[in-house]
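Just so you know, the sequence shown maps onto residues 14 to 359 in our numbering. Heads up, the beta-carbon is just placed ideally off N, CA and C, and yes, glycines get one too. Presented below is the structure to which this report refers.
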Amino acid sequence: MTRASASRSPFLAVLDGASLNPPPLWMMRQAGRYLPEYREVRAKAGDFLTLCYTPELAAEVTLQPIKRFDFDAAIIFSDILVVPHALGVGLRFETGEGPRLDPVTDAAGLARLSETLDPARVGPVYEALARTKAALRPHTALIGFCGAPWTVATYMVAGKGTDDQGPARLLALREPELFQKLIDLLVEASITHLVGQIEAGADVVQIFDTWAGVLDPISFERWCLEPLGRIAAGIWARHPEARIISFPKGASVQALTRIAALGVNAVGLDWTADRASLRKLGEKTALQGNLDPLRLIAGGAQLDEEIIRIRNDFDGLRHIFNLGHGIRPETPIAHVERMVEKVRDL
Ligand code: CP3
């Protein structure tokens, strides 16, 4: 989308510098199991990865939350683990247990990985984006995404999700050169994948660093900030106008400020962020967030009150209303409807 037509999208307008009241709104994981229409398509696809790799179905579920809630942005239905899968890592999703990957823990494991992304795995993502783009109305922006190298590496090293990302943290401490090679591979793969998504029609790309908050400041600098800077530079070298959102979950104000200084269009905030101390940062970059997904499950007066507080705390700044992390499957749809009304003054 060109800058001229971007003004029709409130979400892109905020990324490009505007402050809007009411703020644009979307939700992380907005296509997912809390929606009965998602569960239906998911059952038809059989398993999660088939859904990700079937462009018609991926586009269909991407559009479901837009049809229901008219969110200001659609995020392409895919997963951050598509990148390691496309580099040759064995991946499966076991029901109720989350992802399982063939772990990469040593030089031999790293050497087995491909240096380029398998088009059979990433091609369907680009096709799903093109299909979704063609179906969206101009006021709805389209978001592409990938996982940040650090977060993707935590799953690759452990072979699954862990409570404290211990396996990747230990490998990074014991064998920093080996870990650096893994991060470097993921930096290049992320640039390629995000550029591919932009060229397929994504108006903006979001980089999810779900586990940025578990690193000490020195490690954050090396494994999160520096790779993010290289990814942004790599994208801007090919597409100088490309919009980038960084979501470093759990990052400190100092860390968020360093990320904003890279020149990204927005930073995502989780619900632990102290909004009052972020107003200065909000003068440099747009702020996206930060309702606790559990408040959305609980509903009632506390939900209404927190939505009002978030809007007031970010008043006058470039704010994109969102959750502080993905919506959970058990969230009542009525509470999402209530949130939409409260954010939009309906
Ligand atoms: O936001 C969206 O609606 C777009 C789609 C999206 C998914 N995953 C779909 C998905 C996005 C942006 C992601 C990102 C993602 N995936 C992250 C980063 C953000 C975050 O939530 O922390 C991570 C760490 C993953 C890896 C992943 N994928 C895990 C740990 C799991 C299992 C946990 C779970 O929720 O089941 C997944 C599976 C997954 N990815 C589902 C969805 C809708 C559920 C699978 C199903 O339908 O059975």
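Coil, strand or helix - Ser22 by DSSP: By one-based count along the sequence shown, residue 22 stands at place 9. If DSSP states are grouped into helix, strand and coil, Ser22 belongs with coil.
Stretch-stretch touch, CB-based, cutoff 8 Å, three pairs: the region 275-282 with the region 299-309: yes
DSSP bridge partner residues for Ser259 (one or two, in chain order): As a position in the sequence shown, residue 259 is number 246, starting the count at 1. Per DSSP, Ile220 and Val280.
Straight-line gap, Tyr66 to His98 (C-alpha atoms, nearest Å): As a first step, residue 66 must be located in the sequence shown, where it is residue number 53. As a first step, residue 98 must be located in the sequence shown, where it is residue number 85. Distance between the alpha carbons of Tyr66 and His98 is about 11 Å.
The ligand CP3 heavy atom lying under 7 Å from the CB of Gln43: In the sequence shown, residue 43 corresponds to position 30, counting from 1. The answer is yes for Gln43.
Cα-Cα separation between Glu50 and Val266, rounded to whole angstroms: For the purposes of this step, residue 50 is taken as residue 37 along the sequence shown, with counting starting at 1. For the purposes of this step, residue 266 is taken as residue 253 along the sequence shown, with counting starting at 1. Distance between Glu50 and Val266, taken at the CA atoms: about 38 Å.
Reduced DSSP secondary structure (H/G/I, E/B, other) of Leu309: Residue 309 sits at position 296 when you count from the first residue of the sequence shown. Of the three classes helix, strand and coil, the one that applies to Leu309 here is helix, per DSSP.
Residues near Glu350 by beta carbon distance below 8 Å, same chain, minus five either side: Indexing the sequence shown from 1 puts residue 350 at position 337. For Glu350, where only same-chain residues beyond five positions count, the Cβ hits under 8 Å are Phe82.
Pairwise C-alpha distance: Pro36 and Pro68: Counted from its first residue, the sequence shown places residue 68 at position 55. Counted from its first residue, the sequence shown places residue 36 at position 23. C-alpha of Pro68 to C-alpha of Pro36: approximately 31 Å in a straight line.
Among Ala86, Asp92, Val74 and Val170, nearest to Leu368 - alpha-carbon criterion: For residue 368 there is no data in the structure shown, the boundaries of the chain being 14 and 359.
Separation of Asn325 from Leu114, as counted between CA atoms: Within the sequence shown, the letter at position 101 stands for residue 114. Within the sequence shown, the letter at position 312 stands for residue 325. Leu114 and Asn325: Cα-Cα distance of roughly 43 Å.
C-alpha gap between Gly30 and Gly329, whole angstroms: The count along the sequence shown starts at 1 and reaches residue 30 at position 17. The count along the sequence shown starts at 1 and reaches residue 329 at position 316. So the two alpha carbons sit approximately 12 Å from each other.
Rounded Cβ spacing between Ser203 and Cys159 (contact assumed at less than 8 Å): Along the sequence shown, read from residue 1 onward, the residue named residue 203 stands at position 190. Along the sequence shown, read from residue 1 onward, the residue named residue 159 stands at position 146. Yes, they are in contact, since the Cβ atoms of Ser203 and Cys159 sit about 5 Å apart, within 8 Å.
Contact test: Thr285 Cβ vs the ligand CP3 heavy atom, cutoff 7 Å: In the sequence shown, counting from the first residue as 1, residue 285 sits at position 272. Flag unset: Cβ of Thr285 not near the ligand CP3.
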